[in-house]
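One structure is given here, and the rest of the page talks about it.
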Amino acid sequence: MRDFAALFSSLDETNKTSVKVAILKEYFLTVDERDRIYTLALFTGRRPKRQISSTQVKRWAMELAQIPEWLFEESYQIVGDLSETIALLIPSSESGSDRRLSEWIQEINALRDADDEYKHAWLLKSWGSLSKDEIFVFNKILMGSFRVGVSQSLVIKALAELSGLEAAVLTHRIMGNWHPETMNMHDLLQEHDVSDDYSRPYPFFLAYPVQESSERSKTAEDVRLALGDEDDWQAEWKWDGIRSQVIKRGGSIFIWSRGEELITDKFPEMHRFVDALPDGTVLDGEIVCFRGGRPLPFNVLQTRIGRKNPGKKILEESPVVFIGYDCIEFEGDDIRSTPLRERRLLLEQLHEKSMDPETFMLSPVVKFDRWEDLYELREMSREKAAEGFMLKRKRSLYQAGRKRGDWWKWKIDPMSIDGVLIYAQRGHGRRAGLYTDYTFGLWQDGQLVSFAKAYSGLTDQEIRQVDHYVKRHTVEKFGPVRTVEPGLVFEIGFEAINASNRHKSGVALRFPRILRWRKDKNIEDADSLDMLKTFLP
Numbered sequence: 002m003r004d005f006a007a008l009f010s011s012l013d014e015t016n017k018t019s020v021k022v023a024i025l026k027e028y029f030l031t032v033d034e035r036d037r038i039y040t041l042a043l044f045t046g047r048r049p050k051r052q053i054s055s056t057q058v059k060r061w062a063m064e065l066a067q068i069p070e071w072l073f074e075e076s077y078q079i080v081g082d083l084s085e086t087i088a089l090l091i092p093s094s095e096s097g098s099d100r101r102l103s104e105w106i107q108e109i110n111a112l113r114d115a116d117d118e119y120k121h122a123w124l125l126k127s128w129g130s131l132s133k134d135e136i137f138v139f140n141k142i143l144m145g146s147f148r149v150g151v152s153q154s155l156v157i158k159a160l161a162e163l164s165g166l167e168a169a170v171l172t173h174r175i176m177g178n179w180h181p182e183t184m185n186m187h188d189l190l191q192e193h194d195v196s197d198d199y200s201r202p203y204p205f206f207l208a209y210p211v212q213e214s215s216e217r218s219k220t221a222e223d224v225r226l227a228l229g230d231e232d233d234w235q236a237e238w239k240w241d242g243i244r245s246q247v248i249k250r251g252g253s254i255f256i257w258s259r260g261e262e263l264i265t266d267k268f269p270e271m272h273r274f275v276d277a278l279p280d281g282t283v284l285d286g287e288i289v290c291f292r293g294g295r296p297l298p299f300n301v302l303q304t305r306i307g308r309k310n311p312g313k314k315i316l317e318e319s320p321v322v323f324i325g326y327d328c329i330e331f332e333g334d335d336i337r338s339t340p341l342r343e344r345r346l347l348l349e350q351l352h353e354k355s356m357d358p359e360t361f362m363l364s365p366v367v368k369f370d371r372w373e374d375l376y377e378l379r380e381m382s383r384e385k386a387a388e389g390f391m392l393k394r395k396r397s398l399y400q401a402g403r404k405r406g407d408w409w410k411w412k413i414d415p416m417s418i419d420g421v422l423i424y425a426q427r428g429h430g431r432r433a434g435l436y437t438d439y440t441f442g443l444w445q446d447g448q449l450v451s452f453a454k455a456y457s458g459l460t461d462q463e464i465r466q467v468d469h470y471v472k473r474h475t476v477e478k479f480g481p482v483r484t485v486e487p488g489l490v491f492e493i494g495f496e497a498i499n500a501s502n503r504h505k506s507g508v509a510l511r512f513p514r515i516l517r518w519r520k521d522k523n524i525e526d527a528d529s530l531d532m533l534k535t536f537l538p
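Position in the sequence shown (from 1) plus 1 gives the number in our numbering.
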């Protein structure tokens, strides 16, 4: 654990990519073989399942630190991170632990059948053997909140430089349904045929936004200057669903989400069309709830996400389709290096022969002669329940990750409303001492009713200014939340809106965020809840 805690600290101390890669390489060269594969698992989102609840961890930490709950909560609000708060409050070992990361994770996994008395004794003993830095990292792993300032691509870059393998090959190998208990780094880095693992998906090719959320809307001329000749591009509607890959290999079917979650059992209505695909086929597309010839709102799809085996009622209320975007494996061959125009022809052929064309739909190519034509069509996106357009270069290869140049997303501008800041809460991590989490209200019968929370959209300087206001205009305190005297107005952007019985406002917003601080407006100029509801479909 000592080596891993040192790695965590070293990575957190630098923002330089080259330095982080060098740190990772040195770590992988020096630590035990089992620690290498467990470290890779952590960096690729394969954290151990939580065996002790956060409530238990907090209660036992207060017991060990011999402090009351109010003092613990005050400390937590100042620090902003539960794992770090506990590490600062409880006694620790000066020398730390000689036990390896892999051994600690195996012990955590072994707690699944233990009773609370055993877990309590085990946790206190474990804390007592660890240094302060080790307790911090240990808590992160224990509570399933492990995060570090390094992307998966940087880890892959380090391993690629160590092994001599291409980054794309390594990216493909670490995807899929593997576990550190049954995998080792030596096998992962050896030259072998990755197709032996029938279930493994390919890394998804992600699009760059034509415009950032803070930019003005791009005009047709802006797009022409950025992308060039219209004839080089293929346009498709951008749907709001679950990006996924469907796989038919070795007589078996697999459905993966972009988040590397195997979701085959969650969407049984898709099995028929996937099973009828030729063996050795992988398709990229979007899972969308669909009825009456059009997509349903994303909140309908959300009712399916948390259910491993949906019942008959859910299947009837939220039927799904797969909208095919691309064919990336055909007859067992990886065809990602084939130009898009050829992959598209194969996708169309598979769709024509499909046994279930109502479930396997084809993403339509939107024909246009000029960027101006596409700009006008883009304004109709919400009528089609789409988010805008995907723009793909016809000769583009299917790459891994977010690569600038060949695939772009040209989304419609968000809907927006002017709301008043009414509640604030401190942030976490580097923003732990600042009020950065905000709740906004709209007018209804002379009162401000909360309608959205937002955590992003302001500059660091603006955040400090809002923090200054909150600290001097706090009306009430409810634990970590501060009721703020109304005085600041912000334009809140959102992608979609739906009626909701779970919210006091009666609506739920998708991806709310701050577009700008309306310093030109008084709180009386903010919008009403009735105005917001005019956006409802």
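Even glycine gets a Cβ: it sits at the ideal position worked out from N, Cα and C.
A straight-line Cα-Cα distance of about 18 Å links Thr282 and Ser364.
By the Cβ neighbour-count rule, Phe479 is exposed, with fewer than 16 other Cβ atoms within 10 Å of its own.
The bridge partners DSSP lists for Val322 are Val289. In the three-state reduction of the DSSP assignment, Val138 falls in the helix class, which pools H, G and I. The DSSP-derived three-state label of Glu330 is strand.
Among the bridge pairs identified by DSSP, Asn499 is matched with Ala509. For Phe361, the enclosing beta strand (DSSP E) stretches over residues Phe361 to Leu363. If you look at Thr40, you'll find it in the alpha helix (DSSP H) that goes Glu34 to Phe44. The secondary-structure analysis by DSSP pairs Trp518 across a beta bridge with Phe491. Counting only runs that start and end inside the stretch 168-192, there is no beta strand (DSSP E) element of at least 3 residues. Arg427 and Arg483 have their alpha carbons spaced roughly 9 Å apart.
The straight-line gap separating the alpha-carbon atoms of Asp4 and Asp285 is approximately 40 Å. Bridge partners of Thr484 according to DSSP: Tyr424 and Glu477. By DSSP's assignment, Thr282 forms a beta bridge with Lys249. Proximity to Tyr436 across Thr475, Arg47, Asp134 and Leu41 peaks at Thr475, based on C-alpha coordinates. Here Val301 has Cys290 and Ser319 as same chain residues with Cβ atoms under 7 Å from its own Cβ, once five neighbours each way along the sequence are excluded. With respect to Thr18, Leu155 sits close: the two C-beta atoms are nearer than 9 Å.
Ala221 sits away from Leu392, with the two beta carbons spaced by 9 Å or more.
Trp257 and Leu65 have their C-alpha atoms some 43 Å from each other. According to the DSSP assignment, Lys59 belongs to the alpha helix (DSSP H) that extends over Ser55 to Ala66.
The continuous stretches of beta strand (DSSP E) do not include Gly129, which lies in the alpha helix (DSSP H) extending over residues Asp117 to Gly129. By the C-beta criterion, the stretch 27-34 is judged not to be in contact with the stretch 127-146, since fewer than 3 inter-stretch pairs fall below 8 Å. Comparing alpha-carbon positions, the option among Glu182, Ala386 and Glu332 lying closest to Glu496 turns out to be Ala386. Your pair Asp531 and Val490 does not check out as a contact, with CB atoms roughly 18 Å apart and the cut at 8 Å.
A distance of 9 Å or more separates the beta carbons of Ser164 and Lys133. At the C-beta level, Phe299 and Asp223 stay beyond 9 Å of one another. Contact check for Asn110 and Pro49: beta-carbon distance about 5 Å, within the 8 Å limit, so the pair qualifies. In this structure, Tyr399 sits away from Tyr199, with a CB-CB distance that is not shorter than 9 Å. For Tyr376, the enclosing alpha helix (DSSP H) starts and ends at Trp372 to Arg379. Ranked by Cα distance from Gly81, the first of Gly307, Pro481, Gln466 and Leu189 is Pro481. Gln246 is classed as buried because its beta carbon has at least 16 other beta carbons within 10 Å across all chains shown. Going by C-alpha positions, Gly488 is about 13 Å away from Trp444. A direct Cα-to-Cα measurement between Phe205 and Lys158 gives close to 17 Å. Contact check for Ser355 and Phe274: beta-carbon distance about 6 Å, within the 8 Å limit, so the pair qualifies. Each residue's CA atom was taken as its position, placing Phe44 and Val322 some 32 Å apart. By the criterion of a C-beta distance shorter than 8 Å, Phe369 is surrounded in its chain by Glu231, Ala236, Leu375 and Leu378, once the five residues flanking it on both sides are discounted.
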